[in-house]
Structure formats: structure tokens, C-alpha cells
Amino acid sequence: MAYCSANGCNNSKRKESCRSKSFFKFPSKNPTILKTWVKMMKRERFEPGPSSVLCSDHFEEECFEYQNFTNRRQLKAGSIPTIFGFTKSPSSRRILDRYEPSTSAEIYEPPVSNEVNAAMATEEIQAEIKIICLQKWKQNLLT
1 MAYCSANGCN NSKRKESCRS KSFFKFPSKN PTILKTWVKM MKRERFEPGP SSVLCSDHFE
61 EECFEYQNFT NRRQLKAGSI PTIFGFTKSP SSRRILDRYE PSTSAEIYEP PVSNEVNAAM
121 ATEEIQAEIK IICLQKWKQN LLT
């Protein structure tokens, strides 16, 4: 059975509500594109198997081409999935929900980076924000 491999996506070929969706196997014959697909999914230690698929919800409309006569949707060569609904882990959400923002005008802005530094991992940015939020939360408790 084909379930979408994206984190948090529960689309399946057997669901009636998913009849209009397309499901695409991972490009195992092209290691470069395969690695990019897995990286875009942000699933740690995920290795797609022969039956692993992603649904059409994770691709921009420009990634599709339609067959003549049948109007069946296909992926264009080299298409990369870019639409994912990433959420914070439950533990960080709890911490951030408890934190009440200060009334000061101080706003945290991550350092501006060039294209080389733009690839900084999301986990590192979230860790920085958690540390700052926890420090402010501690300050609020002490005052």
C-alpha cells in the first residue's frame, strides 16, 4: 500500500479523499536527485525503499506535466519536492508556549548570512532560539 513518506502527511492511495492526488516513487536511479529529495523531507535516518512514495501535495504545480489524452500527471525530470508542513518538536513547543514575550523593544534577529551560510541547519537555528527564549524565561522568573 502506498502511504506518503513525508513527515506528518497521511495521504494514501486507498483513501477516497486522495483519489485526485498522484504518488511518485523516489528517484532511486538518480542518486543526486534522491539525496536532494530526502534532504528536503528533513527526516533523520530516512532511507526510501522500493515502495516509498511522496504525494503530489509536496510538489509545486510547475513540477508537473500532463499526458495527452489521459491528462495523467507526471513529474518533470529533475523535480524536487518543496512543500512540507514542518512543525516544532513537542518539547520545544511546550517551552515556547510557556514563555511570555517581554514588553521591551528588544527583538531577536538571526544574523544575516550570504548564500554559503544560508544552508545552516534548521535544528541549529531552532536551538539558538530555544536558548534565547529559555534565558528570557529565566529572567522573567527571577524578576
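So in full-length UniProt numbering, the last spot in the sequence shown is 143, and the numbers never skip. Glycine included, each C-beta is placed from N, C-alpha and C at the ideal position.
Nonlocal neighbours in the same chain, by C-beta distance under 7 Å from glutamate 65, ignoring five residues either side: The residues are Gln74, Lys76.
For lysine 15, the nearest candidate out of Phe26, Arg45, Lys25, Tyr3 (CA to CA): Here the closest residue by C-alpha is Tyr3.
Limits of the alpha helix (DSSP H) - the one that lysine 39 falls within: Run containing lysine 39: 31 to 41, per the alpha helix (DSSP H) assignment.
Those residues which DSSP pairs with arginine 73 across a bridge: Residue pairing of arginine 73 in beta bridges, as defined by DSSP: Tyr66.
Burial state of phenylalanine 24 (16 or more Cβ within 10 Å): Here phenylalanine 24 is buried. Its C-beta has 16 or more other C-beta atoms within 10 Å.
Cβ separation of serine 52 and phenylalanine 26, assumed to be a contact under 8 Å, to the nearest whole Å: The beta carbons of serine 52 and phenylalanine 26 sit about 5 Å from each other, so the pair counts as a contact at 8 Å.
Nonlocal neighbours in the same chain, by C-beta distance under 7 Å from valine 116, ignoring five residues either side: Residue placement at valine 116 is flagged as unreliable, the pLDDT there being 41, under the threshold of 50; the coordinate-derived value follows with that caveat. Cβ within range, chain order: n/a, list empty.
Buried versus exposed, by CB contacts within 10 Å (16 or more), phenylalanine 69: The residue is exposed, with fewer than 16 neighbouring Cβ atoms inside 10 Å.
Beta-carbon proximity check, methionine 40 vs serine 5, cutoff 9 Å: The Cβ-Cβ distance between methionine 40 and serine 5 does not fall below 9 Å.
Beta bridge counterpart(s) of cysteine 55 as assigned by DSSP: Within the DSSP bridge table, the entry for cysteine 55 names Phe23 as partners.
Pick from Ser20, Phe59, Arg72, Ile131 that is closest to isoleucine 80, judged by C-alpha positions: Comparing alpha carbon positions, the residue from Ser20, Phe59, Arg72, Ile131 closest to isoleucine 80 is Phe59.
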